[in-house]
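Chains as they are written, first to last, in the working numbering: chain B, 47 to 574; chain C, 115 to 497.
Note that CB positions come from ideal geometry on N, CA and C, so glycine has one too.
So the structure is just underneath, and the comments pick up after that.
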């Protein structure tokens, strides 16, 4: 899919689908886009690469009419336009698939698609049959395989995304913007989406793909525009640029994606889970007859798509959720019904999935947050009733230095005024400071930029090297592959299989995540 | 990523606005001044001289009558007397609020405290120097159970504390009427007089404030303010309660028993309101009352806590403010100022304070922008 292209200079203006020239967008106090120029050819897949906060979404929001630029001009198919709002954008053939789907869950796919643009029959009634027909037609043409009559709440996330794609195709879009479309998909669904993107391109559409995943860009995009801190870095031909070069452009320095990891030396089993059932919030069993062992000195990763029981499993282990059946042992001691505090005292650290919901009291100061697990014992607890706030601040200062937590005013900083990466560093510092035998880590790098991810990965591996047992749950397969010694795939609340991480093919894990069990030795063929 | 101090250069108005919305205390002061400004305009609009209001307020605060040049400290005593139950019920509301609970039940807890104190006053042996202390303690204790019960319901059965406290207000009111009328020789509005030992003594305050109704209950109030501060800001329990109030999930995650926090917090909140009831019963009256309606101290406590930001010092000052408005009423009337103006001012203050949510959104948005700019400028290759 990487044929040769005429060089940018020789392309006459009418061959550009979108030209955004010198776009500047200032929010009070921050320049989100500073003189950014983006040129997208007709019928190409054009990637926009950048870290969180690089200005990708702002740029696309300008194109989609959500923001009006402070400077710069926009041309669509060679014609200068002013896009006032999303309706304007839609009228000009620009459609956007948002990261968070905008679908009415109890409605069918086709009801969702026609909403706001319903076909009418001669009586003025909504003509559902015509709608279904048109949608089935579109679905066939682009290979989307969506059932127009299915209810959105009953179809998979991948299918919902395709419904979103159909929604904009139904509105005759020929320029399609995808905002981080793979964040919510399984590896297989990602592959399918990539095929769909190519198919859309082949059928004459122009695709703009916002992402920070280099592999996806290499797989489908022809050209890539890299943004950093609101500015254009470069637009490059993807075929002639390797991944590490792309990463360097994105981050601004060389990035080492490999986590340096010593040969593991595994000790005794620290955490042992035996046949547990755990109920999910809605009442059904979120985890079923699940058994798992984590040894000292190893990182065991749980790979799986969001919503397959990971949350319930983590909460059961850490004591936030009761176990219906089965037992959990830590160092041979039954902790199935132990309180959260006694688990912490026994040396269980927990980096929670949602750092704002569970991990931090955002309105507390940093030192209070760092003391959240240890305020009930000396030295912070000074006597039976009173806390020693000096000791609390002192301990915080030590952790801030050791873990390089950046904050405006040291221990007194309000947690909510810190960046996501530093909030996460604070949580990890606090949990490791419990000197845990066992560290339960969920989604440790969600929403963080590359620099922070590196830092946190190094911390986790360092704990493993110190001989701690670590259970890691992540929806990012790359992260699981990079960090873990063993990988357990979870699907529908059950462990489908456990494999040694070394040399494992991610297709194998992908298949297990989809619920198909495989043995450790088996490897699937990897398409190039 | 420095705090909210984003004001660059001499843009005075903006800097001032920053100062006000950056600090809750400054905002409360601002809001109160705004309330008075509006009140002044209203008085002028109805054709009266607003000087009268300020002279009345001056007299309430200092006892000095600027028209007749007479000084009478009794007005000060009356002001403090009116403020006592407001400060306490404000703390009742505020303490629960700091734990994330909305205690509409201060009125009911106040009634329970008042009733319990009246019973101890009438039926306990008249021990000199101890009787009234026991009665006040009984009021606090009874109301602690009354409030704690709601916290327990919330913790154990997830019963909304708002609904439960509203219902319990009615129960407290009618139960108090029923039980008090059972007392021998009680008629439809009062019981026999309390023994002298049950009345909260006035001591040197009597002389100092020219025989006002101010009792040593004021020291109980000040002690409560100190305890409020000490518990919330300095103890392990307070840390747990504050964490629960700010983020229940994080508190649970940290191993704090949220259910116990709820019960404890509501019990302490109830105790404050109960002590308010006892101080009114034994400080301002010499007989037990069969309540004919709510005294409304509990409900006014909501406003007090709001303006005082649920902080110890803030609630003290805000209780004194509302007490001042209440006790200035007769003085205003004598100066041809409609007394309703005080209700208008308190109402406006509460409305303006409630607008704080809007102010706060503004503050947070600006902090975010400042943080983002901080990030953009560090390492930003400005060339």
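{"Item": "4-residue-minimum alpha helix (DSSP H) runs that sit fully inside the segment 399–443 of chain B, ordered along the chain", "Value": "412–416"}
{"Item": "Residue-level contact to chain C via CB, residue 93/B, 8 Å cutoff", "Value": "no"}
{"Item": "Residue 352/B versus residue 400/B: straight-line alpha-carbon distance, rounded", "Value": "13 Å"}
{"Item": "CB contact flag (residue 248/C, residue 297/C, <8 Å)", "Value": "no"}
{"Item": "Assigned secondary structure, residue 71/B (DSSP; H/G/I helix, E/B strand, else coil)", "Value": "strand"}
{"Item": "Cutoff 7 Å; reference residue 376/B; Cβ partners in own chain excluding five residues on either side", "Value": "316, 317, 392, 394, 484"}
{"Item": "Under 9 Å (Cβ pairs) to chain C, residues found in the segment 395–422 of chain B", "Value": "396, 398, 400, 402, 403, 404, 405, 406, 407, 408, 409, 410, 414, 415, 417, 418, 419, 421, 422"}
{"Item": "Proximal chain B residues relative to residue 500/C, where beta-carbon distance stays under 7 Å", "Value": "With chain C running from 115 to 497 in the structure shown, residue 500/C is simply not present."}
{"Item": "Whole-angstrom C-beta distance between residue 401/C and residue 304/C, which should lie under 8 Å", "Value": "5 Å"}
{"Item": "DSSP three-state assignment for residue 425/C, whether helix, strand or coil", "Value": "coil"}
{"Item": "Residues that residue 142/B bridges to, as DSSP identifies them", "Value": "223/B"}
{"Item": "As assigned by DSSP and simplified to three states, the class of residue 249/B", "Value": "coil"}
{"Item": "Neighbouring residues, chain C, relative to residue 366/B (Cβ below 9 Å)", "Value": "363, 366, 367"}
{"Item": "Contact under 8 Å by Cβ, residue 120/B with residue 221/B", "Value": "no"}
{"Item": "Validate contact between the segment 59–72 of chain B and the segment 82–94 of chain B using beta carbons, cut 8 Å, 3 pairs", "Value": "yes"}
{"Item": "The segment 149–158 of chain B touching the segment 204–222 of chain B, judged by at least three CB pairs closer than 8 Å", "Value": "yes"}
{"Item": "Residue 548/B burial status per 10 Å Cβ neighbour count (16 or more: buried)", "Value": "exposed"}
{"Item": "Simplified DSSP assignment, three categories, for residue 299/C", "Value": "coil"}
{"Item": "Boundaries (first-last residue) of the beta strand (DSSP E) holding residue 306/C", "Value": "304–307"}
{"Item": "Same chain, Cβ closer than 7 Å to residue 199/B, neighbours up to 5 away in sequence not counted", "Value": "151, 152"}
{"Item": "Where the alpha helix (DSSP H) through residue 391/C begins and ends", "Value": "372–397"}
{"Item": "Sub-8 Å separation of residue 399/C and residue 145/C beta-carbons", "Value": "no"}
{"Item": "Chain-ordered chain C contacts of residue 386/B [CB-CB under 8 Å]", "Value": "366, 367, 368, 369"}
{"Item": "Beta-carbon contacts of residue 475/B that lie in its chain and below 6 Å, excluding the five residues immediately before and after", "Value": "445, 449"}
{"Item": "Residue from 100/B, 511/B, 526/B, 495/B with nearest C-alpha to residue 274/B", "Value": "100/B"}
{"Item": "Beta-ladder partner(s) of residue 464/C, from DSSP", "Value": "BP columns for residue 464/C are empty, so no partner."}
{"Item": "Inter-stretch contact at 8 Å, needing at least 3 Cβ pairs: the segment 384–391 of chain B / the segment 373–393 of chain C", "Value": "no"}
{"Item": "Residue 3/B versus residue 283/B: straight-line alpha-carbon distance, rounded", "Value": "No answer is possible for residue 3/B: it lies beyond the span of chain B, which begins at 47 and ends at 574."}
{"Item": "Minimum Cβ-Cβ distance from residue 427/B to chain C less than 8 Å", "Value": "yes"}
{"Item": "Pairwise C-alpha distance: residue 527/B and residue 122/B", "Value": "42 Å"}
{"Item": "Residues near residue 228/C by beta carbon distance below 6 Å, same chain, minus five either side", "Value": "391, 395"}
{"Item": "Assigned secondary structure, residue 201/B (DSSP; H/G/I helix, E/B strand, else coil)", "Value": "coil"}
{"Item": "Sub-8 Å separation of residue 90/B and residue 281/B beta-carbons", "Value": "no"}
{"Item": "Cβ pair residue 409/B, residue 360/C closer than 8 Å", "Value": "yes"}
{"Item": "Secondary structure, beta strand (DSSP E): runs of 3+ residues fully inside the segment 297–362 of chain C", "Value": "304–307"}
{"Item": "Buried/exposed call for residue 64/B, threshold 16 Cβ in 10 Å", "Value": "buried"}
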